[in-house]
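Trainee: Could you have a look at this structure, given as structure tokens, before my questions?
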Amino acid sequence: MADCKEPDPSAQRPASAKTWGGRFSKRAASQLESFSSSVHFDVALWREDVLGSIAHARMLGRQGIVSERESAELVRALEQVAREIEAGEMELDPALEDVHTNIERRVGEIAGAVAGKLHSGRSRNDQVATDLALWLRGAGTRVRSALARLREVLMQRAGREIDVVLPGYTHLQRAQPVRLAHHWLAYCEMLARDDARLRDAAARAESSPLGAGALAGSTLPLDRESTARELGFARPGRNSLDAVASRDAALELLSALSILMIHLSRLCEELVLWSSSEFGFVEMDDAFATGSSLMPQKKNPDVPELVRGKSGRVVGHLVSLLMTLKGLPLAYNRDLQEDKEPVFDAVGTVEGCLEILAPAIETLRIDAERMAAAAADPMLLATDLADHLVGEGMPFREAHEIVGRVVAHCLEARVPLDRLSRAELSEFHPALDLDPASFFSVERSLEARRVPGGPARAAVEDSLSRAREELARTRAELEEK
Ligand code: ARG
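Residue numbers (the numbering used here): 169 to 649.
Structure, rendered in structure tokens:
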């Protein structure tokens, strides 16, 4: 197709919300301009938009839809726009609706009439879907890197705190002793699965919407394979309606982020509890705690509280996008513009939480003595006593009953379980003829729990080294990106 020789005055007219082409005889009402404008948030997509447009312009040149010279002019102008936005030199006009029209308008100012050819065979519908898919991939990688840092901090603590013992809880009642390392590693497991979910979500953004047009592709000979490849997608989307209308990759990212935030919220709830005088297990470093405006003695765990609070916000964003999509007929509907703010805010919020939690947990001071004292109650070893009877051949239900009677007796007589003599124990059952001093040792109990995944030293060391291997794999994957 021919070079643009005679500038077409209508092509030079800047794209503007005021002039949606010849179809319209009036400019948009000012209320409509401000109501529908998205540039104040979709400016976050400017890099992706420029990349997508460059890929499109190059393809137009290769396919002869524009001349090679025109293609090069478009690419040059787009690169200049990128430099200008980067340097904060480009003013974005809300009246032009979104970042995509703003960029196209600026290309027109730089390159002249040829800018009118950039949108050949393209719609903002496939353009915006492409930009978002690119953005999602980048965001997934950024969150995974921040998450890797937190996983590392937890693993470092686990490596150091294998000898610190605290009660494990069920129903927030002291249940059985565990190693603090085991507790940290429980979160490492959750966070490793979160990482896998984030990776999967990114894999769902692997089809390129570009070339799907408004909804039904194009009559122009577009090469969708080449733009997909250039933009790092695995393939062009197989269905043009799906390509412009679907946002499930964004939903999947939001859902992975929501689950991650729920995990962080549970961890933070424990930090809040453990910081209380009632527990006294941990103290936040001064750099990550705040005081009260009224009570001079207070030191508050605001960081974990805020993370806990922000988890609701991220889950809210997931629900918001689900509701935006519910009941939308195919293909593009303007409702879809509402996809961006939840996604952008969720990603920013999660990144912020991870970035502060890593150093806040790294610098956390623990009171190992208080933890050990809380774990020292011999009642926490009542299950061990029942297990001992099972080892002697007794059915567990019967063992549970007998040890229950021992416990009831101790509560009634106000005697700690480990203060019963060998003879007193044997009275409950002859098989309880054991040495209380050695039996009621937390260390013995922990080491007896050497099933895989349990709190015995070897089992904890084993799960720590697996967690480290997994983290190394994540890091290697992220380095490739
Ligand atoms: N700003 C719009 C969005 O984010 C771009 C697509 C507009 N398309 C349209 N047909 N009005 O979804």
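We put the beta carbon where it would ideally sit given N, CA and C, even for glycine. These numbers were taken from a predicted model, which means no experiment stands behind them.
Please report the distance separating the alpha-carbon of G622 from that of L359.
Mentor: Taking the sequence shown and counting its residues from 1, one reaches residue 622 at position 454. Taking the sequence shown and counting its residues from 1, one reaches residue 359 at position 191. When rounded, the distance between both Cα atoms is 19 Å.
Trainee: Ordered along the chain, which non-local residues of its own chain (more than five positions away) have a Cβ less than 6 Å from that of V321?
Mentor: By one-based count along the sequence shown, residue 321 stands at place 153. Here the set comprises A526, I529 and E530.
Trainee: Just to confirm, are L304 and A212 a CB contact at a threshold of 8 Å?
Mentor: On the sequence shown, residue 304 is found 136 positions in, with the first residue counted as 1. On the sequence shown, residue 212 is found 44 positions in, with the first residue counted as 1. No, they are not a contact pair.
Trainee: For V475, which residues in the same chain have their Cβ closer than 7 Å to its Cβ, ignoring the five residues on either side in sequence?
Mentor: Position 307 of the sequence shown, counting from 1, holds the residue named residue 475. Around V475: L432, S433, C436, C521 and L525.
Trainee: Quick one: is D362 buried, meaning 16 or more other Cβ sit within 10 Å of its Cβ, or exposed?
Mentor: Start at 1 with the first residue of the sequence shown, and residue 362 comes out as number 194. D362 should be labelled buried.
Trainee: CA-CA distance, G379 and E438?
Mentor: Numbered from its first residue, the sequence shown carries residue 379 at position 211. Numbered from its first residue, the sequence shown carries residue 438 at position 270. If you take the alpha carbons of G379 and E438, they lie about 50 Å apart.
Trainee: Given that a residue counts as buried once 16 or more other Cβ atoms are within 10 Å of its Cβ, and exposed if not, what is W188?
Mentor: Counting from one through the sequence shown, the residue named residue 188 turns up at place 20. W188 comes out exposed.
Trainee: Where does P345 fall in DSSP's three states?
Mentor: For the purposes of this step, residue 345 is identified with residue 177 of the sequence shown, where counting begins at 1. Reduced to three states, the DSSP call for P345 is strand.
Trainee: Where do the ends of the alpha helix (DSSP H) carrying T298 lie?
Mentor: Here residue 298 corresponds to residue number 130 of the sequence shown, with the count starting at 1. Start and end: R292 to R328.
Trainee: Could you work out which residue in P262, N293, A635 and A279 is closest to E247 when comparing CA atoms only?
Mentor: Taking the first residue of the sequence shown as 1, we reach residue 247 at position 79. Residue A279 is the option with its Cα nearest to E247.
Trainee: How should S193 be labelled, buried or exposed, when 16 other C-beta atoms within 10 angstroms of its C-beta is the threshold for buried?
Mentor: Residue numbering aside, residue 193 sits at position 25 when the sequence shown is read from its first letter. By the neighbour-count rule (16 or more Cβ atoms within 10 Å), S193 is not buried but exposed.
Trainee: Is N270 close to the ligand ARG? I mean its beta-carbon at under 7 Å from any heavy atom of the ligand.
Mentor: As a position in the sequence shown, residue 270 is number 102, starting the count at 1. Answer for N270: no, Cβ out of range of the ligand ARG.
Trainee: Assuming R610 and A544 make a contact with CB atoms under 8 Å, what is their CB distance in whole Å?
Mentor: Within the sequence shown, residue 610 is the residue found at index 442, counting from 1. Within the sequence shown, residue 544 is the residue found at index 376, counting from 1. First, the amino acid is wrong: residue 610 is Val here, not Arg. So it is a contact: roughly 7 Å between Cβ atoms.
Trainee: How would you label H208, buried or exposed, when you count the other beta carbons within 10 angstroms and need 16 or more for buried?
Mentor: Within the sequence shown, numbered from 1, the residue matching residue 208 stands at position 40. Looking at its Cβ environment, which holds fewer than 16 other Cβ atoms inside 10 Å, H208 is exposed.
Trainee: Would F203 be called buried (16 or more neighbouring beta carbons within 10 Å of its own) or exposed?
Mentor: As a first step, residue 203 is located in the sequence shown; it is residue number 35 there, counting from the start. Under this definition F203 is an exposed residue.
Trainee: Pick helix, strand or coil for P472, following the three-state DSSP scheme.
Mentor: Taking the sequence shown and counting its residues from 1, one reaches residue 472 at position 304. If DSSP states are grouped into helix, strand and coil, P472 belongs with the helices.
Trainee: Name the residue from V346, L286, R625 and A635 whose alpha carbon lies nearest to the alpha carbon of C356.
Mentor: Along the sequence shown, read from residue 1 onward, the residue named residue 356 stands at position 188. Minimum Cα distance to C356 is reached at A635.
Trainee: Apart from the five residues on each side of it in sequence, which residues of its chain come closer than 6 Å, Cβ to Cβ, to L486?
Mentor: One-based indexing of the sequence shown puts residue 486 at position 318. For L486, where only same-chain residues beyond five positions count, the Cβ hits under 6 Å are L422, S423 and S426.
Trainee: Would you mind stating whether D507 and A373 have Cβ atoms separated by less than 8 Å?
Mentor: Counted from its first residue, the sequence shown places residue 507 at position 339. Counted from its first residue, the sequence shown places residue 373 at position 205. Result no, Cβ atoms of D507 and A373 do not sit closer than 8 Å.
Trainee: Looking at F564 and V558, is the spacing between their C-beta atoms short of 8 Å?
Mentor: For this step, residue 558 is matched to residue 390 along the sequence shown. For this step, residue 564 is matched to residue 396 along the sequence shown. Against a cut-off of 8 Å, the Cβ pair of F564 and V558 comes out as a contact.
Trainee: For the alpha helix (DSSP H) holding T517, just list the boundary residues, first then last.
Mentor: Counting from 1 along the sequence shown, the entry for residue 517 is found at position 349. From DSSP, the alpha helix (DSSP H) with T517 extends over K508 to E530.
Trainee: For D453, which residues from the same chain have a beta carbon less than 6 Å from its beta carbon, with the 5 sequence-adjacent residues on both sides left out?
Mentor: Reading the sequence shown from its first residue, position 285 is the one you call residue 453. Excluding positions up to five away in sequence, the list reads T531.
Trainee: Taking DSSP as the reference, what is the three-state secondary structure of A334?
Mentor: For the purposes of this step, residue 334 is taken as residue 166 along the sequence shown, with counting starting at 1. One point to set straight first is that residue 334 is Leu, not Ala, in the sequence displayed. Residue state, collapsed to three classes: strand.
Trainee: In chain order, which continuous runs of the alpha helix (DSSP H) of length 4 or greater are located wholly inside the segment 351 to 434?
Mentor: Listed in chain order, the complete alpha helix (DSSP H) runs (minimum 4 residues) inside the segment 351 to 434 are 392 to 398 and 408 to 413.
Trainee: Measuring straight from C-alpha to C-alpha, what distance separates D266 and E647?
Mentor: Indexing the sequence shown from 1 puts residue 266 at position 98. Indexing the sequence shown from 1 puts residue 647 at position 479. If I take the Cα positions, the gap works out to 33 Å.
Trainee: Look up R533 in the DSSP assignment and give the residues it is bridged to.
Mentor: If you number the sequence shown from 1, residue 533 lands on position 365. Answer is E451, bridged to R533.
Trainee: Does the segment 336 to 348 touch the segment 544 to 555, meaning 3 or more C-beta pairs lie closer than 8 Å?
Mentor: Yes: at least three Cβ pairs fall under 8 Å.
Trainee: Could you tell me if D620 is buried or exposed, where buried requires 16 or more neighbouring beta carbons within 10 angstroms of its beta carbon?
Mentor: Within the sequence shown, numbered from 1, the residue matching residue 620 stands at position 452. In the sequence on display, residue 620 carries Pro and not Asp. Per the 10 Å Cβ criterion, exposed.
Trainee: Work out the CA separation of W214 and W656 for me, nearest whole Å.
Mentor: What the structure shows of the chain is the stretch from 169 to 649, and residue 656 is not part of that stretch, so it cannot be assessed.
Trainee: Please state whether the Cβ-Cβ distance between V518 and M429 is less than 8 Å.
Mentor: By 1-based counting over the sequence shown, the position of residue 518 is 350. By 1-based counting over the sequence shown, the position of residue 429 is 261. Yes, they are a contact pair.
Trainee: What residue from D416, V440 and G480 has the CA that sits closest to T492's CA?
Mentor: As a working note, residue 492 is residue 324 in the sequence shown. Among D416, V440 and G480, the Cα nearest to that of T492 belongs to D416.
Trainee: Would you kindly report the start and end of the unbroken alpha helix (DSSP H) that includes D630?
Mentor: If you number the sequence shown from 1, residue 630 lands on position 462. Element bounds for D630: R625 to E648.
Trainee: How big is the Cα-Cα spacing for D586 and E569?
Mentor: Within the sequence shown, the letter at position 418 stands for residue 586. Within the sequence shown, the letter at position 401 stands for residue 569. If I take the Cα positions, the gap works out to 18 Å.
Trainee: With respect to 7 Å, is the separation between the Cβ of D210 and the closest non-hydrogen atom of the ligand ARG below this value?
Mentor: As a working note, residue 210 is residue 42 in the sequence shown. Yes, the beta carbon of D210 sits closer than 7 Å to at least one heavy atom of the ligand ARG.
Trainee: Report the residue from H350, A624 and H224 whose alpha carbon sits nearest the alpha carbon of A326.
Mentor: Here residue 326 refers to the residue found at position 158 of the sequence shown. Cα-wise, what sits closest to A326 is H350.
Trainee: Looking only at its chain, what residues have a beta carbon closer than 6 Å to the beta carbon of H597, apart from the 5 residues adjacent to it on each side?
Mentor: The sequence position of residue 597 within the sequence shown is 429, counting from 1. Here the set comprises I570.
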